[in-house]
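Numbering (the UniProt record's numbering), first residue to last: 1 to 169.
Positions of the beta carbon are idealized from the N, C-alpha and C atoms, including for glycine.
Report on the structure given below.
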């Protein structure tokens with residue numbers, strides 16, 4: 001591992017030269033880099049989670065105060081993507097004001113959001129969200145007790161559903 005080869009001071013110097021988007025990606029690479037860079041977490045107020053079939057490695061695109069992450073819904077990667085989402089929500093913590101969940105799978109592949117990913121999103125995101133939006137999400141495989149987690153959000157100003165369906169496939 002690179003931490004065993006390079007001293008922490010050298011890694012710190014390298015990371016300090018990175019721009020914010022690259023530094024954020026580095027933070028999410030491994031636990032030791034996350035702990036090393038935890039004091040340099042950029043401020044993110046708005047997060048857009050795009051569920052698709054192309055991002056099997058999970059990626060994050062940082063823009064100041066507005067960040068987008070894409071994750072796949074493959075059965076093979078379900079647990080890894082849940083861990084990736086959990087890390088993102090723990091990293092941004094209660095600073096997150098709004099969350100948009102968009103399902104790019106429904107109209108491209110006919111696939112629907114799995115319950116586990118929705119459980120991670122609803123359980124791990126900030127309690128202080130002011131805006132929660134679901135776009136083109138088929139909730140057909142999401143369990144009712146997972147949706148019941150929505151009741152914990154008491155600071156909503158907006159709850160937006162755009163083309164949200166519940167079709168049993």
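Own chain partners of residue i with C-beta closer than 6 Å, once the 5 adjacent residues on each side are dropped
i: residue 94; result: 126, 128
i: residue 115; result: 141, 142, 143, 146
i: residue 165; result: 138
With 16 other Cβ atoms within 10 Å as the buried cut-off, status of residue i
i: residue 66; result: exposed
i: residue 81; result: buried
i: residue 159; result: exposed
i: residue 19; result: exposed
i: residue 177; result: The requested residue 177 does not occur in the structure, where the chain is confined to residues 1 to 169.
i: residue 120; result: buried
i: residue 14; result: exposed
i: residue 150; result: exposed
i: residue 5; result: exposed
i: residue 72; result: buried
Distance between beta carbons of residue j and residue i, contact taken as under 8 Å
i: residue 96; j: residue 44; result: 7 Å
i: residue 103; j: residue 137; result: 4 Å
i: residue 27; j: residue 37; result: 5 Å
i: residue 70; j: residue 52; result: 6 Å
i: residue 41; j: residue 79; result: Actually they do not touch by this definition, with Cβ atoms about 24 Å apart.
i: residue 131; j: residue 157; result: 6 Å
Contacting residues, own chain, Cβ-Cβ under 7 Å from residue i (five flanking each side not counted)
i: residue 169; result: Low local confidence applies: a pLDDT of 47 at residue 169 is under 50, so the model's placement there is unreliable, with the coordinate-based value given in what follows. Within the same chain, residue 169 has close Cβ partners 112, 140.
i: residue 68; result: 48, 50, 61
i: residue 24; result: 42, 60, 62
i: residue 118; result: 142, 146
Top-ranked residue by Cα proximity to residue i, from the options
i: residue 88; options: 62, 149, 15; result: 62
i: residue 124; options: 86, 8, 92; result: 86
i: residue 163; options: 101, 154, 155, 148; result: 101
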